[in-house]
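There are 2 protein chains.
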Amino acid sequence: MSEKRLEQMIGKLKNKGYRITPQRLAVLNILAESTEHPDVEKIYIQVKKNFPTTSMATVYKTIVVMKEIGEVIEIAFSDGSSRYDGNKPYPHPHLICTKCKNILDPDLDSLKNMTEELVNETGFMIQSHRLDFFGICPECQKKMNLEK
Amino acid sequence: MSEKRLEQMIGKLKNKGYRITPQRLAVLNILAESTEHPDVEKIYIQVKKNFPTTSMATVYKTIVVMKEIGEVIEIAFSDGSSRYDGNKPYPHPHLICTKCKNILDPDLDSLKNMTEELVNETGFMIQSHRLDFFGICPECQKKMNLEK
DNA sequence: CTGCATGCAAATAGTTTGCATGACG
DNA sequence: CGTCATGCAAACTATTTGCATGCAG
Numbered sequence: 001m002s003e004k005r006l007e008q009m010i011g012k013l014k015n016k017g018y019r020i021t022p023q024r025l026a027v028l029n030i031l032a033e034s035t036e037h038p039d040v041e042k043i044y045i046q047v048k049k050n051f052p053t054t055s056m057a058t059v060y061k062t063i064v065v066m067k068e069i070g071e072v073i074e075i076a077f078s079d080g081s082s083r084y085d086g087n088k089p090y091p092h093p094h095l096i097c098t099k100c101k102n103i104l105d106p107d108l109d110s111l112k113n114m115t116e117e118l119v120n121e122t123g124f125m126i127q128s129h130r131l132d133f134f135g136i137c138p139e140c141q142k143k144m145n146l147e148k
Numbered sequence: 001m002s003e004k005r006l007e008q009m010i011g012k013l014k015n016k017g018y019r020i021t022p023q024r025l026a027v028l029n030i031l032a033e034s035t036e037h038p039d040v041e042k043i044y045i046q047v048k049k050n051f052p053t054t055s056m057a058t059v060y061k062t063i064v065v066m067k068e069i070g071e072v073i074e075i076a077f078s079d080g081s082s083r084y085d086g087n088k089p090y091p092h093p094h095l096i097c098t099k100c101k102n103i104l105d106p107d108l109d110s111l112k113n114m115t116e117e118l119v120n121e122t123g124f125m126i127q128s129h130r131l132d133f134f135g136i137c138p139e140c141q142k143k144m145n146l147e148k
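Just so you know, the protein sequences line up as chains A and B, in that order. The first sequence begins at 1 in UniProt numbering and counts up one residue at a time. The second sequence begins at 1 in UniProt numbering and counts up one residue at a time.
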């Protein structure tokens, strides 16, 4: 499944004339496999396990390339941090726990209707969107109750 | 109308024990009046017109305070830039033109339903959200057609 | 082989902080 | 008057860039 995803990413890279290096592959692997929307730090740590010489710069450069060719999306937060998603590199809703920082991808079909409504009302040509919900996940709610 | 908004902001500041300085007032004025979601730069330029000695640091510090007391929201984008809204300092949808960078506040009542749906499905306790649509506004669409 | 990718270090940009001075309450 | 805010400059942090070397194609 995410095996396929990795193939897709590699294919697109080759198509665009980029080279497939071991470091890039390692970064792609994490971006393709991970459904947890990792940040740069996390990717870097992971990549170093297999490729100890890898530099932060390479991780950043790889992400820039992947964003450019539309195979990775960035989710930037107001605190300056960013998380990345190469598993579903298209706009989709996020459900973010402000306690444990986990990010889920809920299904929200009604979003399509909302977009259509917006087009009709405003005349905008919609290109993409961003929908994040912030809250406390059930697990963290339990923990908070126990602490009291 | 936004006169009232300014009063609100001032009141909250006083309540929390913060002082009302001319520089803060100037920043608050812009944040309260403006429906265009200005960035720090824009606020700074405006404030300098009336208070030439004002520093960037003061603008930043004022924004930090206003965010803390919930009277201003920040909209951070993936390119690192941020825009601020003191006119409607609560979560609401944005409609952003990627050409001219204008930001509108559309009405989308169905968002409430969406949130309820989410709570039922996931058990999350929702605290806030962020909903941005990116596209081309009607004016920019016209310009693009003329250029062809 | 040729040129793009790597990785180190230096540069950058936006934001934050420390501190002496000034002014709100 | 005491304390907090200002404004300058320095510090900081995350990201980007330049360049010599390495390696993919």
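Even for Gly, the Cβ is constructed at its ideal location relative to N, Cα and C. All figures in this text were calculated on a predicted structure; none of them were measured in a lab.
request  = Note down the Cα distance separating V139 (chain B) from F133 (chain B), rounded to an integer number of angstroms.
outcome  = Looking up residue 139 (chain B) in the second sequence gives position 139. Looking up residue 133 (chain B) in the second sequence gives position 133. One point to set straight first is that residue 139 (chain B) is Glu, not Val, in the sequence displayed. Spanning the two alpha carbons is a distance of roughly 17 Å.
ask   = Which whole-angstrom value is the C-beta distance of T62 (chain A) and R24 (chain A), which I expect to be below 8 Å?
value = For the purposes of this step, residue 62 (chain A) is identified with residue 62 of the first sequence, where counting begins at 1. For the purposes of this step, residue 24 (chain A) is identified with residue 24 of the first sequence, where counting begins at 1. Taking C-beta atoms under 8 Å as the contact rule, T62 (chain A) and R24 (chain A) qualify, at a distance of about 5 Å.
task = Identify the continuous alpha helix (DSSP H) that holds R83 (chain B) and give its terminal residues.
result = On the second sequence, residue 83 (chain B) is found 83 positions in, with the first residue counted as 1. Premise fails: R83 (chain B) lies in the beta strand (DSSP E), 82-85, not in any alpha helix (DSSP H).
message = Report the CB separation of K12 (chain B) from E71 (chain B) in whole angstroms; it is logged as a contact under 8 Å.
response = Within the second sequence, the letter at position 12 stands for residue 12 (chain B). Within the second sequence, the letter at position 71 stands for residue 71 (chain B). Under the criterion of beta carbons closer than 8 Å, K12 (chain B) and E71 (chain B) qualify as touching, at roughly 6 Å.
query = Comparing the C-beta of L95 (chain B) with each C-beta of chain A, is any distance below 8 Å?
reply = Numbered from its first residue, the second sequence carries residue 95 (chain B) at position 95. Between L95 (chain B) and chain A, the shortest Cβ-Cβ separation is below 8 Å.
message = To the nearest angstrom, how far is the alpha carbon of L43 (chain A) from that of K49 (chain A)?
response = On the first sequence, position 43 is the one that residue 43 (chain A) refers to. On the first sequence, position 49 is the one that residue 49 (chain A) refers to. Residue identity differs from the one stated: residue 43 (chain A) is Ile in this sequence, not Leu. Between I43 (chain A) and K49 (chain A), the alpha-carbon positions lie close to 10 Å from each other.
ask   = Would you say L146 (chain A) reaches chain B, if we count a Cβ-Cβ gap shorter than 8 Å as a contact?
value = Stepping through the first sequence from its first residue, residue 146 (chain A) is reached at position 146. L146 (chain A) does not count as touching chain B.
key: Members of the segment 99-130 of chain B near chain A, C-beta cut-off 9 Å   = Listed in chain order, the positions of the segment 99-130 of chain B with a beta carbon within less than 9 Å of a beta carbon of chain A are L104, P106, D107, L108, S110, L111, N113, M114, T115, E117, L118, V119, E121, T122, G123, F124, M125, I126, Q127, S128, H129, R130.
key: Local conformation of R19 (chain B) per DSSP, three classes   = Walking along the second sequence from the start, residue 19 (chain B) turns up at place 19. DSSP, reduced to helix, strand and coil, places R19 (chain B) outside both helices and strands of the structure shown, so it counts as coil.
query = When we look at the beta-carbon of Y90 (chain B) and count the other beta-carbons within 10 Å, is it buried (16 or more) or exposed?
reply = Residue numbering aside, residue 90 (chain B) sits at position 90 when the second sequence is read from its first letter. Per the 10 Å Cβ criterion, exposed.
query = Which first and last residues belong to the beta strand (DSSP E) in which I69 (chain A) is found?
reply = Translated into positions along the first sequence, residue 69 (chain A) becomes position 69. Per DSSP, I69 (chain A) is not a residue of any beta strand (DSSP E), being assigned neither H nor E.
query = Run through DSSP, which three-state label would C97 (chain B) get?
reply = Counted from its first residue, the second sequence places residue 97 (chain B) at position 97. Three-state DSSP puts C97 (chain B) in a strand.
task = Give the single residue among A:L118, A:L31, A:M125 whose Cα lies nearest to the Cα of R83 (chain A).
result = Along the first sequence, read from residue 1 onward, the residue named residue 83 (chain A) stands at position 83. For the residues A:L118, A:L31, A:M125, the minimum Cα distance to R83 (chain A) belongs to A:L31.
ask   = CA-CA distance, L131 (chain B) and D79 (chain A)?
value = By 1-based counting over the second sequence, the position of residue 131 (chain B) is 131. By 1-based counting over the first sequence, the position of residue 79 (chain A) is 79. Approximately 17 Å, taken between the alpha carbons.
message = Among the candidates B:R19, B:P38, B:G135, B:N15, whose CA atom is the shortest distance from the CA of G86 (chain B)?
response = Looking up residue 86 (chain B) in the second sequence gives position 86. Answer by Cα proximity: B:P38.
task = Please check the pair P106 (chain B) and L118 (chain A), which I expect to be a contact at CB under 8 Å, by giving their CB distance rounded to whole angstroms.
result = As a first step, residue 106 (chain B) is located in the second sequence; it is residue number 106 there, counting from the start. As a first step, residue 118 (chain A) is located in the first sequence; it is residue number 118 there, counting from the start. At roughly 6 Å, the Cβ-Cβ gap stays under 8 Å, so P106 (chain B) and L118 (chain A) are in contact.
request  = Pull up the distance between the alpha-carbon of I73 (chain B) and that of H94 (chain B), whole angstroms please.
outcome  = If you number the second sequence from 1, residue 73 (chain B) lands on position 73. If you number the second sequence from 1, residue 94 (chain B) lands on position 94. Those two C-alpha atoms are separated by around 12 Å.
inquiry  = Below 8 Å on C-beta distance, what does E74 (chain A) contact in chain B?
reply    = To locate residue 74 (chain A), count along the first sequence from 1; it is residue 74. Result: S78.
query = Considering only residues of the same chain and omitting the five flanking positions on each side of V40 (chain B), which have a CB-CB separation below 8 Å?
reply = Position 40 of the second sequence, counted from the start, is the residue given in the question as residue 40 (chain B). Taken in chain order, the residues that qualify are M56, V59, Y60, I63, S82, Y84.
request  = Output yes if chain B places a C-beta closer than 8 Å to the C-beta of P38 (chain A); else output no.
outcome  = The sequence position of residue 38 (chain A) within the first sequence is 38, counting from 1. No - not a single Cβ of chain B is within 8 Å of the one on P38 (chain A).
message = Using C-beta distances below 7 Å, list every residue in its chain close to F51 (chain A), excluding the 5 sequence neighbours before and after it, in chain order.
response = Position 51 of the first sequence holds residue 51 (chain A). The residues P22, Q23, A26, in chain order, have a CB closer than 7 Å to that of F51 (chain A) in the same chain once the five nearest residues on each side in sequence are set aside.
inquiry  = Which residues in chain A have a C-beta closer than 7 Å to the C-beta of D132 (chain B)? List them in chain order.
reply    = For this step, residue 132 (chain B) is matched to residue 132 along the second sequence. Those within 7 Å of D132 (chain B) in chain A are H129, R130.
message = Using the three-state DSSP reduction, which class does S128 (chain A) fall into: helix, strand or coil?
response = What you label residue 128 (chain A) is simply residue 128 of the first sequence in a count that begins at 1. DSSP places S128 (chain A) within a strand segment (E or B) once states are collapsed to three.
request  = Using a Cβ-Cβ cut-off of 8 Å, state whether P22 (chain A) counts as contacting chain B.
outcome  = Within the first sequence, the letter at position 22 stands for residue 22 (chain A). Against chain B, the CB of P22 (chain A) has no partner CB under 8 Å away; the residue lies outside that interface.
task = Establish whether the CB of P8 (chain A) and some CB of chain B are separated by less than 8 Å.
result = Position 8 of the first sequence holds residue 8 (chain A). It is Gln, not Pro, that sits at residue 8 (chain A) in the sequence shown. False, the Cβ-Cβ gap to chain B never drops below 8 Å.
message = So P52 (chain A) contacts chain B; which residues on that side make the cut at Cβ distance below 8 Å?
response = Here the question's residue 52 (chain A) lines up with position 52 in the first sequence. Near P52 (chain A) there are no residues of chain B at all, since even the closest Cβ is about 30 Å away, more than 8 Å.
ask   = Can you find a CB in chain A that lies within less than 8 Å of the CB of I136 (chain B)?
value = The sequence position of residue 136 (chain B) within the second sequence is 136, counting from 1. Judged by the 8 Å Cβ criterion, I136 (chain B) is in contact with chain A.
key: Cβ-Cβ distance between F124 (chain A) and C137 (chain B) below 8 Å   = Residue mapping note: residue 124 (chain A) aligns to position 124 of the first sequence, counting from 1. Residue mapping note: residue 137 (chain B) aligns to position 137 of the second sequence, counting from 1. Note that the C-beta distance between F124 (chain A) and C137 (chain B) is below 8 Å.
key: Beta-carbon neighbours of Q141 (chain A), restricted to chain B and to distances below 7 Å   = As a working note, residue 141 (chain A) is residue 141 in the first sequence. At a beta-carbon threshold of 7 Å, the residues of chain B lying near Q141 (chain A) are M125, ordered along the chain.
ask   = What's the C-alpha gap between I10 (chain A) and R19 (chain A)?
value = As a first step, residue 10 (chain A) must be located in the first sequence, where it is residue number 10. As a first step, residue 19 (chain A) must be located in the first sequence, where it is residue number 19. R19 (chain A) has its alpha-carbon roughly 9 Å from the corresponding atom of I10 (chain A).
key: Paired residues, beta bridge with A76 (chain B) - DSSP   = The sequence position of residue 76 (chain B) within the second sequence is 76, counting from 1. A76 (chain B) is bridged to B:S82.
key: Sub-8 Å separation of S110 (chain B) and M114 (chain A) beta-carbons   = Along the second sequence, read from residue 1 onward, the residue named residue 110 (chain B) stands at position 110. Along the first sequence, read from residue 1 onward, the residue named residue 114 (chain A) stands at position 114. Contact flag set, yes.
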